[in-house]
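Peer 1:
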Amino acid sequence: MEKVFHYRNHIQDISRISDDLGALAKEWAIPVSELRQVTVIVEELISNIIRFAFQDADPHLIRVMVGKEDRLLIIRITDDGIPFNPMEYHPPPITDPASVEAGGMGIVLVRTFSDSIDYKRIDHENRLTVIKTIKSKH
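Take 13 as the starting number for the sequence shown in the working numbering and just add one per residue.
So, in structure tokens, the structure goes:
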């Protein structure tokens with residue numbers, strides 16, 4: 013099973029992600045607790061792409077493919093922004109949670125909620141693949 017969504021590089025498009033993934037979760041019978049984590053993963057990654065990947069004001073499309081194979085969700089995000097490998101980003105240690113910048117925990121949450129993350133730069137595109145195991149409802 014596979015579903016593809018397209019988002020523009022406008023922060024307003026973030027609000028569509030929850031609805032899109034919610035409909036998909038119903039269709040594929042993904043538990044609500046898992047849906048929350050998947051939504052955080054996709055929203056954080058798309059938010060970072062919108063905020064940091066584009067050095068112009070031109071419209072850009074961000075492609076999100078979500079596939080399901082047994083209990084695995086495969087999330088592939090493709091954009092034509094500047095190269096950025098989130099696996100090479102190492103946030104500073106948190107000594108005071110109040111000092112963390114807004115949005116500073118996004119990559120940490122993505123790593124926490126994911127089983128694996130793979131990044132490739134191919135044909136002037138960032139291609140990020142996130143794998144998440146869906147736990148059963150029981």
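Ideal Cβ positions, reconstructed from N, Cα and C, are used throughout, including at glycine. Treat the numbers as computed from the prediction; the structure is a model and nothing was measured.
Quick check for students: name the residue ranges of the alpha helix (DSSP H) that lie wholly in the region 74–148, counting only runs of 4 or more.
Peer 2: 118–125
Peer 1: Hey, would you say Glu56 sits closer than 8 Å to Lys147, going by beta carbons?
Peer 2: No. Outside cutoff.
Peer 1: Classify Ala69: buried if its beta carbon has 16 or more other beta carbons within 10 angstroms, exposed otherwise.
Peer 2: exposed
Peer 1: Please classify Val50 as buried or exposed, where buried requires at least 16 other C-beta atoms within 10 Å of its C-beta.
Peer 2: buried
Peer 1: Once DSSP output is grouped into helix, strand and coil, what is the label at Phe17?
Peer 2: strand
Peer 1: Just the Cα atoms here: how many angstroms apart are Ile26 and Glu81?
Peer 2: Those two C-alpha atoms are separated by around 26 Å.
Peer 1: Please classify Lys132 as buried or exposed, where buried requires at least 16 other C-beta atoms within 10 Å of its C-beta.
Peer 2: Residue environment analysis places Lys132 among the exposed positions, since fewer than 16 neighbouring C-beta atoms fall within 10 angstroms of its C-beta.
Peer 1: Taking all protein chains shown into account, decide if Leu85 is buried (16 or more other Cβ within 10 angstroms of its Cβ) or exposed.
Peer 2: Counting other Cβ atoms within 10 Å of its Cβ, Leu85 reaches 16 or more and is therefore classed as buried.
Peer 1: Considering only the alpha carbon of each residue, which of Leu121, Gly79, Gly93, Asp130 lies closest to Glu100?
Peer 2: Check the Cα spacing between Glu100 and each of Leu121, Gly79, Gly93, Asp130: the tightest is with Asp130.
Peer 1: Cβ of Gly79 within 8 Å of Cβ of Met13?
Peer 2: yes
Peer 1: From the DSSP output, in three-state form, read off Ile23 for me.
Peer 2: helix
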